[in-house]
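Asker:
Numbering (my numbering), first residue to last: 28 to 295.
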């Protein structure tokens, strides 16, 4: 077991959805900064390959589990806390996306799965850490970050993506509630809302993706934003401007503009 006094000076990061896409890029970005990582994803082989590719792989721990298995997720969090004496950054990054249409009864399981992974698992990821963070000395507590990964798709509902838009809107609102709850504690709750990021999730899209950003650049900017303790940030910034404009559009104009927008493909 690691000695907490030895690792206290190093940032301790617990990250879900670590085996691909944004999660993998965040793992590399934090590892380059010397952080100790707890890496969570479903696939053992991919997690072990990721750990082997990081600087100082012996520092990091992998936890192969499904984030909808809350008991397994809690046990992984407890193991990380026990070994490293706490956590400084917890990132609920696990997420899935799929085209869904309400008219099809067979899409109901996809709705349920997307909400379970993207929303409920965010709460389940944070829960084991909050009391421990609140009990930390003030100087350490002020470095603590709980990070939810939202999406520009959560700002206005997108056609053909009802489940995904609803899930990311819920993450944004949930993190806002948590941020207010924890304000007096010094713990920062950070919401990162990606625009179009070049990952396996977006490469299946058959429509234009404005301001598409390489995932490595996104990860660097996300890590900087988390360190700053910002409450909410859209990355890239250009999509932040788009997001603000979308918020201002009256419903009639938004509906007219997006009624014929391209849909993400359903998994038939």
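Glycine included, C-beta positions come from ideal geometry on N, C-alpha and C.
Only a predicted model underlies this, so the values are computations on that prediction, with no experimental measurement involved.
(1) For a minimum of 4 consecutive residues, which ranges assigned as the alpha helix (DSSP H) are wholly contained in the region 230-289?
(2) Any idea if residue 278 is buried or exposed, counting beta-carbon neighbours within 10 angstroms, 16 or more meaning buried?
(3) Cβ atoms of residue 109 and residue 152: under 8 angstroms apart, would you say?
(4) Are the beta-carbon atoms of residue 293 and residue 147 separated by less than 8 angstroms?
(5) Mind reading off the beta-carbon distance from residue 111 to residue 39? Whole number of angstroms is fine, and I expect it under 8 angstroms.
(6) With DSSP collapsed to three states, give me the class of residue 31.
(7) Use the C-beta contact count for residue 106: other C-beta atoms within 10 angstroms, 16 or more gives buried, fewer gives exposed.
(8) Are the beta-carbon atoms of residue 270 and residue 179 separated by less than 8 angstroms?
(9) Quick check on residue 82: does DSSP put it in helix, strand or coil?
(10) Check whether the Cβ atoms of residue 245 and residue 52 lie closer than 8 angstroms to each other.
(11) First and last residue of the beta strand (DSSP E) that includes residue 152?
(12) Please classify residue 215: is it buried, with 16 or more other beta-carbons within 10 angstroms of its beta-carbon, or exposed?
(13) Threshold first: 4 residues or longer. Then list the alpha helix (DSSP H) segments lying entirely within the region 87-112, N to C.
(14) Could you tell me the alpha carbon to alpha carbon distance between residue 48 and residue 221, rounded to whole angstroms?
(15) Once the 5 residues before and after residue 29 are set aside, which same chain residues still bring their CB inside 7 angstroms of it?
(16) With which residues is residue 52 paired in a DSSP beta bridge?
(17) DSSP three-state label for residue 45, please.
(18) On the DSSP letters alone, give me the boundaries of the beta strand (DSSP E) that residue 67 sits inside.
(19) Can you give me the Cβ contacts of residue 267 inside the same chain, cut-off strictly under 7 angstroms, excluding the 5 residues immediately before and after it?
Answerer: According to the structure shown:
(1) Entirely contained in the region 230-289, the alpha helix (DSSP H) runs reaching 4 residues are, in chain order, 242-255, 264-275, 278-285.
(2) Within a 10 Å sphere around the beta-carbon of residue 278 sit fewer than 16 other beta-carbons, which makes this residue exposed.
(3) Taking 8 angstroms as the Cβ cut-off, residue 152 and residue 109 do not qualify as a contacting pair.
(4) Cβ distance not < 8 angstroms, so residue 293 and residue 147 don't count as in contact.
(5) Contact flag correct, Cβ pair sits at about 5 angstroms.
(6) The predicted model places residue 31 with a pLDDT of 37, which falls under 50 and marks its position as unreliable; any figure quoted below should be read in that light. Reduced to three states, the DSSP call for residue 31 is helix.
(7) It counts as exposed.
(8) Yes.
(9) In the structure shown, residue 82 sits in coil (DSSP, three-state: anything other than H, G, I, E or B).
(10) Against a cut-off of 8 angstroms, the Cβ pair of residue 52 and residue 245 comes out as a contact.
(11) Residue 152 -> not in any beta strand (DSSP E); alpha helix (DSSP H) instead, spanning 148-161.
(12) Using a 10 angstroms sphere on the CB of residue 215, the tally of other CB atoms reaches 16 or more, which defines it as buried.
(13) Entirely contained in the region 87-112, the alpha helix (DSSP H) runs reaching 4 residues are, in chain order, 97-111.
(14) Spanning the two alpha carbons is a distance of roughly 12 angstroms.
(15) Confidence at residue 29 is low in this model, with a pLDDT of 41, below 50, so the placement of that residue should be treated as unreliable; the coordinate-derived value is given next. Within the same chain, residue 29 has close Cβ partners 110, 111.
(16) DSSP, once it has assigned bridges, lists no residue as partnering residue 52.
(17) In this structure, residue 45 counts as coil in the three-state DSSP scheme.
(18) For residue 67, the enclosing beta strand (DSSP E) covers residues 63-68.
(19) Here the set comprises 261.
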